[in-house]
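In our numbering, the protein residues as written are 128 to 242.
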Amino acid sequence: QVQLVESGGGLVQPGGSLGLSCVASGNFFSRYRMDWYRQAPGKQRELVARITAAGNTNYADSVKGRFTISRDNAKNTVLLQMSSLQPEDTAVYYCKAFFVGTDYWGQGTQVTVSS
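Right, here's the structure in full:
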């Protein structure tokens, strides 16, 4: 069982920046594929960014050039640095781990972009 705890959400003005953190349990974090998803009200949950165990990354087109995903295996942590935030980035952001054929989800953290 992998447990995930997200933090770092909050209210930010348009054009601002915010960083999210997700800490995972377990002794095999370096082997997890880690994703950040988001879900806006009335919309489906969507993949925002992914980082593989090898450190390869990919991003949704809507966030390319603005968001950066990274991982610190020594701290069992995956980060999502978000910049140039816009109101359409408002959503609950979820961390997900994929390991041995199973998805594990965090509880989510709210990000609100508003003036």
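Just so you know, even glycine gets a beta-carbon here, dropped at the ideal spot from N, CA and C.
Since the model is a prediction, treat every value here as computed from it, not as a measurement.
| Asked | Found |
| --- | --- |
| Starting from Ala-151 and walking both ways along the beta strand (DSSP E), at which residues does that stretch end? | 145-151 |
| Taking all protein chains shown into account, decide if Lys-223 is buried (16 or more other Cβ within 10 angstroms of its Cβ) or exposed. | buried |
| Quick one: what's got a C-beta closer than 6 Å to Phe-225's C-beta in the same chain, skipping five residues either side? | Arg-160 |
| Three-state secondary structure (DSSP) at Ala-224? | strand |
| At the level of alpha carbons, what is the spacing between Trp-232 and Gly-136? | 16 Å |
| Would you identify the three-state DSSP class for Phe-155, choosing helix, strand or coil? | coil |
| Excluding sequence positions up to five away, which residues of its chain have a Cβ less than 6 Å from the Cβ of Thr-195? | Gln-208 |
| Below 7 Å between beta carbons: does that hold for Ser-242 and Gln-140? | yes |
| What is the DSSP secondary structure of Asp-230, reduced to helix, strand or coil? | strand |
| So that I know if they touch, is there some Cβ in chain C lying closer than 7 Å to that of Ser-197? | Considering every chain present, this structure includes no chain C. It has just one protein chain. |
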